[in-house]
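All remarks here apply to the structure that follows.
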Amino acid sequence: MSSLRPTVLAKPIALTKASRYIPLWRRHMEYPVYQPGDPQVRLYMPNYWMKLVRPRFPLPPGVLKFEVQPQMSADEVRQMLEKLYGVRLLHAQVHPVEGAPESDHAHPSRMVFSPYTMKPQPLDLYRKVAYVFLAEEYRDFQFPDLFEKRRPSGSDEFRKLMASRDSEDDVSDGTDEHREKRSMALIAELERATRRASEAGDKDD
(Lines of atoms letter the chains of each structure in order from A; the text may use other names.)
(Lines give C-alpha, C1' and ligand atoms only; values in the text may rest on other atoms or scores of the structure.)
Protein backbone atom coordinates (compact mmCIF):
# COMPACT_ATOMS: atom_id res chain seq x y z
CA MET A 1 0.00 0.00 0.00
CA SER A 2 2.87 2.35 0.69
CA SER A 3 3.95 2.13 -2.93
CA LEU A 4 0.65 3.55 -4.20
CA ARG A 5 0.68 7.18 -5.20
CA PRO A 6 -2.31 9.48 -4.93
CA THR A 7 -3.93 10.36 -8.24
CA VAL A 8 -4.72 14.03 -8.83
CA LEU A 9 -7.37 14.73 -11.44
CA ALA A 10 -6.96 18.21 -12.90
CA LYS A 11 -9.62 19.71 -15.10
CA PRO A 12 -8.03 21.41 -18.10
CA ILE A 13 -8.60 25.12 -18.47
CA ALA A 14 -11.27 25.79 -21.08
CA LEU A 15 -10.50 28.85 -23.18
CA THR A 16 -13.46 30.80 -24.51
CA LYS A 17 -13.79 30.62 -28.25
CA ALA A 18 -14.06 33.85 -30.20
CA SER A 19 -15.48 34.17 -33.68
CA ARG A 20 -12.63 36.53 -34.54
CA TYR A 21 -9.75 38.26 -32.83
CA ILE A 22 -10.33 41.92 -31.96
CA PRO A 23 -7.06 43.86 -31.66
CA LEU A 24 -6.55 46.01 -28.58
CA TRP A 25 -6.92 49.29 -30.44
CA ARG A 26 -10.34 48.20 -31.74
CA ARG A 27 -11.79 46.95 -28.45
CA HIS A 28 -14.62 48.64 -26.57
CA MET A 29 -13.56 50.48 -23.42
CA GLU A 30 -15.59 50.20 -20.24
CA TYR A 31 -15.83 53.69 -18.77
CA PRO A 32 -15.81 53.85 -14.92
CA VAL A 33 -19.31 54.36 -13.51
CA TYR A 34 -19.69 57.61 -11.60
CA GLN A 35 -21.68 57.66 -8.36
CA PRO A 36 -22.81 60.90 -6.67
CA GLY A 37 -20.25 61.90 -4.07
CA ASP A 38 -17.33 60.17 -5.77
CA PRO A 39 -14.29 62.18 -6.86
CA GLN A 40 -14.07 63.23 -10.48
CA VAL A 41 -13.68 60.23 -12.76
CA ARG A 42 -10.42 60.31 -14.68
CA LEU A 43 -9.41 57.91 -17.41
CA TYR A 44 -5.64 58.06 -17.89
CA MET A 45 -4.11 56.97 -21.19
CA PRO A 46 -7.38 55.94 -22.85
CA ASN A 47 -7.26 53.71 -25.89
CA TYR A 48 -8.05 56.60 -28.24
CA TRP A 49 -6.49 57.01 -31.66
CA MET A 50 -6.91 59.19 -34.75
CA LYS A 51 -5.90 58.37 -38.30
CA LEU A 52 -5.64 61.07 -40.97
CA VAL A 53 -7.22 59.69 -44.16
CA ARG A 54 -7.37 60.99 -47.71
CA PRO A 55 -10.96 62.04 -48.53
CA ARG A 56 -12.72 60.61 -51.56
CA PHE A 57 -14.20 63.99 -52.50
CA PRO A 58 -12.51 67.43 -52.30
CA LEU A 59 -12.85 69.18 -48.95
CA PRO A 60 -12.69 72.94 -48.34
CA PRO A 61 -9.26 74.33 -47.43
CA GLY A 62 -8.58 73.85 -43.75
CA VAL A 63 -10.91 70.85 -43.33
CA LEU A 64 -9.32 67.47 -42.58
CA LYS A 65 -10.84 64.02 -42.34
CA PHE A 66 -9.84 61.52 -39.64
CA GLU A 67 -10.92 58.01 -38.81
CA VAL A 68 -11.21 57.88 -35.03
CA GLN A 69 -11.87 55.39 -32.25
CA PRO A 70 -15.65 54.72 -32.33
CA GLN A 71 -16.21 55.91 -28.74
CA MET A 72 -14.61 59.32 -29.26
CA SER A 73 -16.82 62.40 -29.17
CA ALA A 74 -16.23 65.69 -30.99
CA ASP A 75 -14.97 67.30 -27.78
CA GLU A 76 -12.43 64.51 -27.26
CA VAL A 77 -11.21 64.86 -30.87
CA ARG A 78 -10.72 68.57 -30.31
CA GLN A 79 -8.92 68.12 -26.99
CA MET A 80 -6.57 65.49 -28.41
CA LEU A 81 -5.46 67.75 -31.26
CA GLU A 82 -5.25 70.93 -29.21
CA LYS A 83 -3.75 69.68 -25.94
CA LEU A 84 -1.51 66.88 -27.21
CA TYR A 85 -0.42 68.25 -30.59
CA GLY A 86 -0.93 72.00 -30.18
CA VAL A 87 -3.14 72.33 -33.27
CA ARG A 88 -5.76 75.07 -32.86
CA LEU A 89 -9.22 74.19 -34.18
CA LEU A 90 -12.37 76.12 -34.97
CA HIS A 91 -14.74 73.18 -34.85
CA ALA A 92 -14.90 69.37 -34.97
CA GLN A 93 -17.67 67.00 -36.08
CA VAL A 94 -17.94 63.22 -35.72
CA HIS A 95 -20.14 60.96 -37.84
CA PRO A 96 -20.65 57.18 -37.72
CA VAL A 97 -19.93 55.71 -41.13
CA GLU A 98 -23.05 54.93 -43.14
CA GLY A 99 -24.24 51.39 -42.44
CA ALA A 100 -22.80 51.25 -38.91
CA PRO A 101 -24.78 49.27 -36.34
CA GLU A 102 -27.17 51.24 -34.15
CA SER A 103 -25.73 52.65 -30.92
CA ASP A 104 -27.27 54.18 -27.81
CA HIS A 105 -25.82 57.64 -28.28
CA ALA A 106 -27.71 57.99 -31.58
CA HIS A 107 -30.96 58.38 -29.58
CA PRO A 108 -31.06 61.31 -27.11
CA SER A 109 -33.91 59.65 -25.18
CA ARG A 110 -31.56 56.79 -24.27
CA MET A 111 -28.49 58.91 -23.49
CA VAL A 112 -27.06 58.57 -19.98
CA PHE A 113 -23.29 58.95 -20.11
CA SER A 114 -22.98 59.35 -23.88
CA PRO A 115 -20.78 58.32 -25.65
CA TYR A 116 -19.67 55.79 -23.02
CA THR A 117 -23.00 53.95 -22.80
CA MET A 118 -22.50 52.51 -26.27
CA LYS A 119 -23.26 48.80 -26.06
CA PRO A 120 -20.45 46.58 -27.36
CA GLN A 121 -21.61 45.16 -30.68
CA PRO A 122 -20.39 41.72 -31.83
CA LEU A 123 -17.39 43.57 -33.18
CA ASP A 124 -17.96 46.76 -31.30
CA LEU A 125 -15.99 48.21 -34.05
CA TYR A 126 -18.18 50.14 -36.33
CA ARG A 127 -16.22 52.96 -37.92
CA LYS A 128 -16.48 56.66 -37.13
CA VAL A 129 -15.02 59.63 -39.01
CA ALA A 130 -14.25 63.13 -37.75
CA TYR A 131 -14.15 66.32 -39.81
CA VAL A 132 -11.80 68.86 -38.25
CA PHE A 133 -11.94 72.58 -39.08
CA LEU A 134 -8.48 74.07 -38.65
CA ALA A 135 -7.73 77.62 -37.59
CA GLU A 136 -6.75 80.28 -40.13
CA GLU A 137 -3.00 79.65 -39.85
CA TYR A 138 -3.39 76.01 -40.96
CA ARG A 139 -5.54 76.60 -44.05
CA ASP A 140 -2.66 75.83 -46.45
CA PHE A 141 -2.28 72.26 -45.11
CA GLN A 142 -2.03 69.60 -47.85
CA PHE A 143 -2.33 65.85 -47.44
CA PRO A 144 1.29 64.58 -47.36
CA ASP A 145 2.67 62.50 -50.21
CA LEU A 146 4.43 59.78 -48.22
CA PHE A 147 5.93 58.01 -51.23
CA GLU A 148 7.12 60.97 -53.28
CA LYS A 149 10.82 60.07 -53.09
CA ARG A 150 10.24 56.37 -53.68
CA ARG A 151 7.86 56.63 -56.62
CA PRO A 152 9.44 55.29 -59.83
CA SER A 153 8.71 57.50 -62.82
CA GLY A 154 6.32 56.14 -65.44
CA SER A 155 5.28 53.11 -63.39
CA ASP A 156 1.64 52.28 -64.15
CA GLU A 157 1.68 49.36 -61.75
CA PHE A 158 2.82 51.60 -58.91
CA ARG A 159 0.04 54.12 -59.63
CA LYS A 160 -2.54 51.32 -59.63
CA LEU A 161 -1.13 50.05 -56.34
CA MET A 162 -1.34 53.49 -54.75
CA ALA A 163 -4.92 53.96 -56.00
CA SER A 164 -5.98 50.65 -54.47
CA ARG A 165 -4.14 51.51 -51.24
CA ASP A 166 -5.96 54.84 -50.95
CA SER A 167 -9.32 53.15 -51.50
CA GLU A 168 -8.55 50.59 -48.78
CA ASP A 169 -7.33 53.16 -46.26
CA ASP A 170 -10.22 55.53 -46.84
CA VAL A 171 -13.62 55.32 -45.22
CA SER A 172 -16.67 55.16 -47.45
CA ASP A 173 -18.94 58.21 -47.43
CA GLY A 174 -21.97 56.69 -49.13
CA THR A 175 -23.40 57.71 -52.49
CA ASP A 176 -22.24 60.59 -54.68
CA GLU A 177 -25.32 62.61 -53.72
CA HIS A 178 -24.56 62.05 -50.04
CA ARG A 179 -20.95 63.15 -50.56
CA GLU A 180 -22.01 66.32 -52.36
CA LYS A 181 -24.43 67.23 -49.56
CA ARG A 182 -21.75 66.53 -46.96
CA SER A 183 -19.27 68.73 -48.85
CA MET A 184 -21.75 71.63 -48.99
CA ALA A 185 -22.54 71.19 -45.29
CA LEU A 186 -18.83 71.24 -44.43
CA ILE A 187 -18.30 74.44 -46.42
CA ALA A 188 -21.22 76.10 -44.61
CA GLU A 189 -19.97 74.89 -41.22
CA LEU A 190 -16.46 76.17 -41.98
CA GLU A 191 -17.87 79.62 -42.80
CA ARG A 192 -19.89 79.67 -39.57
CA ALA A 193 -16.89 78.53 -37.50
CA THR A 194 -14.69 81.20 -39.10
CA ARG A 195 -17.33 83.85 -38.42
CA ARG A 196 -17.63 82.80 -34.77
CA ALA A 197 -13.85 82.88 -34.35
CA SER A 198 -13.59 86.37 -35.86
CA GLU A 199 -16.45 87.66 -33.67
CA ALA A 200 -14.79 86.21 -30.58
CA GLY A 201 -11.53 87.91 -31.55
CA ASP A 202 -13.31 91.26 -32.00
CA LYS A 203 -14.87 90.95 -28.54
CA ASP A 204 -11.48 90.22 -26.98
CA ASP A 205 -10.02 93.31 -28.63
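Going by full-length UniProt numbering, the final residue of the sequence shown carries number 205, and the count climbs one at a time with no gaps. Positions of the beta carbon are idealized from the N, C-alpha and C atoms, including for glycine. Just so it is clear, the structure is predicted and the values come from calculations on it, not from any experiment.
Could you check the C-alpha separation between residue i and residue j for me, to the nearest Å?
i, j, result
"Glu168", "Val63", "Because the pLDDT at Glu168 is just 43, under 50, the model does not fix this residue reliably, and the value given afterwards should be weighed accordingly. Going from the Cα of Glu168 to the Cα of Val63 covers about 21 Å."
"Glu199", "Arg192", "11 Å"
"Asp104", "Arg26", "Low local confidence applies: a pLDDT of 45 at Asp104 is under 50, so the model's placement there is unreliable, and no value is given."
"Tyr44", "Glu67", "22 Å"
"Leu59", "Tyr85", "22 Å"
"Pro36", "Arg88", "34 Å"
"Leu190", "Pro55", "17 Å"
Nearest CA to the CA of residue i: which residue from the options?
i, options, result
"Gln69", "Ala188, Arg56, Val129", "Val129"
"Arg94", "Glu82, Gly86, Met72, Tyr85", "Per the sequence shown, residue 94 should be read as Val rather than Arg. Ranking Glu82, Gly86, Met72, Tyr85 by Cα distance to Val94 puts Met72 first."
"Glu82", "Tyr126, Phe133, Tyr44, Pro58", "Phe133"
"Lys181", "Tyr138, Phe57, Tyr34, Met29", "Phe57"
"Val97", "Asp145, Tyr31, Pro61, Lys65", "Lys65"
"Tyr131", "Val41, Ala188, Arg195, Pro36", "Ala188"
"Val53", "Arg196, Leu190, Gln142, Thr194", "Gln142"
"His28", "Gln40, Leu146, Tyr126", "Tyr126"
Sort out for me which residues DSSP pairs residue i with in a bridge.
i, result
"Glu67", "Lys51, Val129"
"Leu134", "Leu89"
Starting from residue i, trace the beta strand (DSSP E) both ways and give me its first and last residue.
i, result
"Gln93", "89-96"
What span of residues does the alpha helix (DSSP H) with residue i cover, start to end?
i, result
"Arg26", "It is not in any alpha helix (DSSP H) - Arg26 carries neither H nor E in the DSSP assignment."
"Val77", "74-79"
(message) For the structure I just gave you, are there three or more beta carbon pairs, one from the region 39-48 and one from the region 69-78, closer than 8 Å?
(response) yes
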